[in-house]
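The numbering of the sequence shown is our numbering, which starts it at 84 and goes up by one.
This report concerns only the one structure given below.
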Amino acid sequence: MSDPFQGRVAVITGGAGGIGFGMAEAFAARGAKIALADVDEPGMEARAKALRARGAEVACVRTDVTDRASVEALADAVWSRFGAAHVVCNNAGIAIAGPLLQMTPDDWRLTMDIDFWGVVYGTYAFVPRMIEQKQGGHLVNTASMAGLVGMSWLGVYCAAKFAVVGFTESLKRELEPHGIGVSVLCPMIVATDITANSMRMRGMEAPKAAAPAQPPPAAMKGGVIGVADVTPRIVAAIETNQLYILTHPEQRDFLRRRAAKLDAACP
Ligand SMILES: NC(=O)c1ccc[n+]([C@@H]2O[C@H](COP(=O)([O-])OP(=O)(O)OC[C@H]3O[C@@H](n4cnc5c(N)ncnc54)[C@H](O)[C@@H]3O)[C@@H](O)[C@H]2O)c1
């Protein structure tokens, strides 16, 4: 199989930081050209500068994944700059935690708009053109372990991420004949600024670094790993066309328990 990264074009939403920028670094290290897409323009530019200093070709496109026209404009910008797209990562996301019955319609809308519709818009903007360009490629949609197991205090996030998993599993089957691989990234906790960024996105003041960490009633239990622990798994999944990208060994027990409950419920 030809190298999925060398000389190819990778597009990453939510690329201004966290897991998205980690993907950009990993793909650029393998020789890919990078398009970062994010609402955080200064963050994106600073990250792009760092990548360019390492010799990568990088474009930054201000993109709001909740706005279909903005995501279509991203695809236009990518084709006009690079003439193709091969690895597309619908990764932008936020996480809102709290008891489900305290979640407001605005909490629901914002989460679904970014975490779910952002993935759908990204897929619709890029995949038809990838099919047309007949160069194969790979789509990575970022869900979460919260897209595979329901968790207290993360109900809204779980609903959005379960939707991403279902959407991506279906897409995998439909894109196979076109030679386009599909993966869904489902990590447990990764050390990023997602809590502060999500609060900012909701118009709330992010906690000061010195302030006590957000109380952790959200039931995403497990170790905290770094972005650098996640990205090699993403690279490997693209290379070998794996649907599920899991990141933490403790995921096995949670998933086994869920599978056992489903098994026991079968008539
Ligand atoms: N960090 C974790 O523990 C964890 C675990 C499981 C899944 N995830 C998922 O990983 C993805 C990346 O999260 P992260 O942890 O790197 O967080 P992050 O906050 O570091 O990165 C998310 C990026 O998305 C961008 N973004 C937010 N709304 C946007 C919008 N409307 N349009 C464009 N960009 C937007 C932000 O500016 C930010 O740069 C998210 O989908 C998140 O749900 C994270």
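Every residue gets a Cβ at the ideal spot worked out from N, C-alpha and C, and that includes glycine.
Roughly how many whole angstroms lie between the Cα atoms of residue i and residue j?
i, j, result
"Asn224", "Ala118", "16 angstroms"
"Asn324", "His261", "13 angstroms"
"Thr358", "Trp200", "The chain is shown only over 84 to 350; residue 358 falls outside these bounds and no answer can be derived."
"Ala178", "Val94", "22 angstroms"
"Ala357", "Gln89", "For the chain, the structure presents residues 84 to 350; residue 357 sits outside this window and is missing."
"Ala109", "Gly181", "33 angstroms"
"Pro350", "Val154", "45 angstroms"
"Arg164", "Pro211", "18 angstroms"
"Gly205", "Met282", "23 angstroms"
"Thr194", "Arg151", "16 angstroms"
"Ala175", "Leu345", "31 angstroms"
"Gly101", "Val307", "13 angstroms"
"Ala208", "Ile263", "15 angstroms"
"His221", "Val161", "16 angstroms"
"Ala274", "Ile321", "22 angstroms"
"Lys69", "Val313", "Residue 69 lies beyond the range of the chain shown here (84 to 350); nothing can be said about it."
"Leu338", "Leu184", "26 angstroms"
Which residue wins for smallest C-alpha separation from residue i, given the options the options?
i, options, result
"Asp190", "Ala319, Val170 and Leu237", "Leu237"
"Thr187", "Asp159, Val239 and Thr146", "Val239"
"Asn173", "Arg164, Ala152 and Ala226", "Ala226"
"Pro125", "Cys143, Phe110 and Lys116", "Cys143"
"Asp147", "Ala156, Glu257, Pro332 and Glu140", "Ala156"
"Ala107", "Gln334, Ala311 and Arg335", "Ala311"
"Val316", "Gly309, Lys255, Gly219 and Ile328", "One point to set straight first is that residue 316 is Arg, not Val, in the sequence displayed. With distances taken between Cα atoms, Arg316 lies closest to Ile328."
"Glu215", "Gly166, Arg130, Gly103 and Ala246", "Gly166"
"Val203", "Thr314, Val247, Arg145 and Val273", "Val247"
"Gly103", "Gly305, Glu259 and Gly309", "Gly309"
"Leu258", "Leu326, Trp162, Leu184 and Leu183", "Leu326"
"Arg335", "Val232, Met127 and Pro87", "Val232"
"Asp196", "Gln218, Arg285, Arg135 and Arg339", "Arg285"
"Met213", "Val265, Ala139, Ala279 and Thr278", "Val265"
"Gly305", "Ala279, Asn280 and Glu333", "Glu333"
From what residue to what residue does the alpha helix (DSSP H) around residue i run?
i, result
"Thr96", "Per DSSP, Thr96 belongs to no alpha helix (DSSP H); it is in the beta strand (DSSP E), Val92 to Thr96."
"Arg137", "From DSSP, Arg137 is part of no alpha helix (DSSP H); its letter is neither H nor E."
"Ile102", "Gly101 to Ala112"
"Ile277", "Ile277 to Met284"
"Ala351", "This structure does not reach residue 351, given that the chain is present from 84 up to 350, and the question cannot be answered."
"Leu345", "Gln334 to Ala348"
With a cut-off of 8 angstroms on the beta carbons, I'd call residue i and residue j a contact; round off their distance for me.
i, j, result
"Ala133", "Gly98", "Not a contact, Cβ separation roughly 12 angstroms."
"Met228", "Cys269", "5 angstroms"
"Cys241", "Gly230", "7 angstroms"
"Lys244", "Asp276", "Not a contact, Cβ separation roughly 19 angstroms."
"His331", "Met271", "4 angstroms"
"Val170", "Arg91", "6 angstroms"
Residue range of the beta strand (DSSP E) that residue i falls in?
i, result
"Gly264", "Ile263 to Cys269"
"Val313", "Here Val313 belongs to no beta strand (DSSP E); instead the alpha helix (DSSP H) covers Val310 to Thr323."
Consider the Cβ of residue i: report whether some Cβ of chain D lies at a distance smaller than 9 angstroms.
i, result
"Asp190", "In the structure shown, chain D cannot be found, because there is only a single protein chain."
Any chance you could list the alpha helix (DSSP H) runs of at least 4 consecutive residues sitting entirely within the region 191–259, in chain order?
-> Counting only runs of 4 or more, we get 201–216 and 238–258.
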